[in-house]
Amino acid sequence: MIKTLESYYLSKPEPYQSCLLALRDIILSVNPLIVYERKFQIPFFTYKDKKLAYLWLDKKKLKLGFCLDKSLQEVTPGIKPKDQYESMLIDPNEDIPIEIVLNKLNTYIKLINNGQ
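When we follow UniProt numbering, the leftmost residue of the sequence shown carries the number 1, and every step to the right adds one.
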(Lines of atoms letter the chains of each structure in order from A; the text may use other names.)
(Lines give C-alpha, C1' and ligand atoms only; values in the text may rest on other atoms or scores of the structure.)
Protein backbone atom coordinates (compact mmCIF):
# COMPACT_ATOMS: atom_id res chain seq x y z
CA MET A 1 0.00 0.00 0.00
CA ILE A 2 1.32 3.42 -0.98
CA LYS A 3 1.63 5.90 1.86
CA THR A 4 -0.79 8.81 1.81
CA LEU A 5 2.00 11.31 1.24
CA GLU A 6 3.45 9.36 -1.68
CA SER A 7 0.00 9.02 -3.18
CA TYR A 8 -0.21 12.82 -3.36
CA TYR A 9 2.76 12.91 -5.73
CA LEU A 10 1.72 9.87 -7.74
CA SER A 11 -1.81 11.19 -8.25
CA LYS A 12 -0.57 14.22 -10.20
CA PRO A 13 -0.24 14.16 -13.98
CA GLU A 14 3.07 14.61 -15.77
CA PRO A 15 5.02 16.86 -15.95
CA TYR A 16 3.82 18.01 -12.50
CA GLN A 17 4.47 14.66 -10.84
CA SER A 18 8.14 14.57 -11.84
CA CYS A 19 8.62 18.22 -10.90
CA LEU A 20 7.01 17.73 -7.47
CA LEU A 21 9.17 14.68 -6.80
CA ALA A 22 12.31 16.55 -7.88
CA LEU A 23 11.43 19.49 -5.62
CA ARG A 24 10.83 17.12 -2.73
CA ASP A 25 14.25 15.56 -3.24
CA ILE A 26 15.94 18.96 -3.52
CA ILE A 27 14.33 20.21 -0.31
CA LEU A 28 15.16 17.05 1.64
CA SER A 29 18.77 17.12 0.43
CA VAL A 30 19.44 20.52 2.02
CA ASN A 31 19.57 19.25 5.59
CA PRO A 32 19.00 15.84 7.21
CA LEU A 33 16.79 17.47 9.86
CA ILE A 34 14.17 18.47 7.28
CA VAL A 35 11.13 16.22 7.49
CA TYR A 36 7.99 16.17 5.47
CA GLU A 37 4.41 15.22 6.00
CA ARG A 38 1.07 15.82 4.44
CA LYS A 39 -0.44 18.83 6.15
CA PHE A 40 -3.38 20.86 4.88
CA GLN A 41 -3.68 18.17 2.15
CA ILE A 42 -0.32 19.15 0.63
CA PRO A 43 3.34 18.18 1.16
CA PHE A 44 4.69 20.32 3.98
CA PHE A 45 8.30 20.45 5.16
CA THR A 46 9.53 21.31 8.64
CA TYR A 47 12.92 21.88 10.19
CA LYS A 48 13.40 21.44 13.94
CA ASP A 49 9.59 21.34 14.27
CA LYS A 50 9.27 24.77 12.61
CA LYS A 51 7.41 25.30 9.35
CA LEU A 52 9.82 25.65 6.45
CA ALA A 53 8.27 25.03 3.04
CA TYR A 54 5.37 23.48 1.14
CA LEU A 55 4.46 22.35 -2.37
CA TRP A 56 1.15 23.37 -3.89
CA LEU A 57 -0.46 22.45 -7.20
CA ASP A 58 -3.59 24.41 -7.97
CA LYS A 59 -5.24 24.74 -11.36
CA LYS A 60 -2.06 23.80 -13.19
CA LYS A 61 0.08 26.26 -11.21
CA LEU A 62 2.88 24.71 -9.21
CA LYS A 63 4.10 26.74 -6.26
CA LEU A 64 6.95 26.25 -3.87
CA GLY A 65 6.22 28.18 -0.72
CA PHE A 66 8.49 29.18 2.13
CA CYS A 67 7.32 29.88 5.64
CA LEU A 68 8.57 31.93 8.56
CA ASP A 69 6.98 30.24 11.56
CA LYS A 70 5.08 32.68 13.80
CA SER A 71 6.93 31.33 16.84
CA LEU A 72 10.12 32.86 15.41
CA GLN A 73 8.68 36.35 15.08
CA GLU A 74 8.98 39.18 17.55
CA VAL A 75 5.88 39.50 19.71
CA THR A 76 4.18 42.89 19.60
CA PRO A 77 1.65 43.47 22.40
CA GLY A 78 -1.89 43.43 21.07
CA ILE A 79 -0.95 41.88 17.74
CA LYS A 80 -1.42 38.18 17.15
CA PRO A 81 1.52 36.82 15.11
CA LYS A 82 0.78 34.83 11.96
CA ASP A 83 3.01 32.60 9.89
CA GLN A 84 4.52 34.59 7.04
CA TYR A 85 4.60 32.97 3.63
CA GLU A 86 6.23 33.71 0.32
CA SER A 87 6.02 31.56 -2.76
CA MET A 88 7.46 31.14 -6.19
CA LEU A 89 5.87 29.67 -9.30
CA ILE A 90 7.66 26.70 -10.79
CA ASP A 91 7.19 25.85 -14.45
CA PRO A 92 7.37 22.04 -14.70
CA ASN A 93 8.38 22.34 -18.36
CA GLU A 94 11.52 24.31 -17.54
CA ASP A 95 14.57 23.67 -15.39
CA ILE A 96 13.97 24.10 -11.67
CA PRO A 97 15.82 27.21 -10.42
CA ILE A 98 17.81 25.09 -7.98
CA GLU A 99 20.15 27.87 -6.86
CA ILE A 100 17.23 30.13 -5.88
CA VAL A 101 15.47 27.26 -4.09
CA LEU A 102 18.60 26.32 -2.15
CA ASN A 103 19.34 29.93 -1.21
CA LYS A 104 15.80 30.45 0.07
CA LEU A 105 15.81 27.22 2.07
CA ASN A 106 19.19 28.00 3.60
CA THR A 107 18.02 31.52 4.51
CA TYR A 108 14.98 30.16 6.33
CA ILE A 109 17.03 27.47 8.04
CA LYS A 110 19.44 30.15 9.32
CA LEU A 111 16.48 32.11 10.69
CA ILE A 112 15.28 29.01 12.52
CA ASN A 113 18.76 28.25 13.86
CA ASN A 114 19.09 31.83 15.10
CA GLY A 115 15.62 31.74 16.64
CA GLN A 116 14.47 34.67 14.51
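The C-beta atom is built at its ideal place from N, Cα and C for all residues, glycine as well.
Whole-angstrom distance between residue j and residue i, CA atom to CA atom
i	j	result
L14	L111	According to the sequence shown, residue 14 is Glu rather than Leu. If you take the alpha carbons of E14 and L111, they lie about 34 Å apart.
K51	K39	11 Å
C19	P92	6 Å
D95	S7	24 Å
K61	S87	12 Å
K63	G115	26 Å
residue 186	A53	What the structure shows of the chain is the stretch from 1 to 116, and residue 186 is not part of that stretch, so it cannot be assessed.
N113	R24	21 Å
I2	L21	Note that I2 scores 48 on pLDDT, short of 50, meaning its location in the model is unreliable and no value can be drawn from it.
Residue i versus the options, residue with shortest Cα-Cα distance
i	options	result
I109	K12, F45 and K39	F45
L68	D49, L23, I98 and L33	D49
I41	I26, L55 and P32	Rather than Ile, the amino acid found at residue 41 in this sequence is Gln. Ranking I26, L55 and P32 by Cα distance to Q41 puts L55 first.
T4	L21, E37, Y47 and G65	E37
K12	K59, F66 and G65	K59
Supposed close pair residue i, residue j - CB separation, criterion 8 Å
i	j	result
V30	N103	With a Cβ gap of about 10 Å, V30 and N103 do not count as contacting.
I90	I26	Not a contact, Cβ separation roughly 11 Å.
Buried versus exposed, by CB contacts within 10 Å (16 or more), residue i
i	result
L10	exposed
Y16	buried
V35	exposed
P43	buried
I100	exposed
L33	exposed
Y85	exposed
L57	buried
L28	exposed
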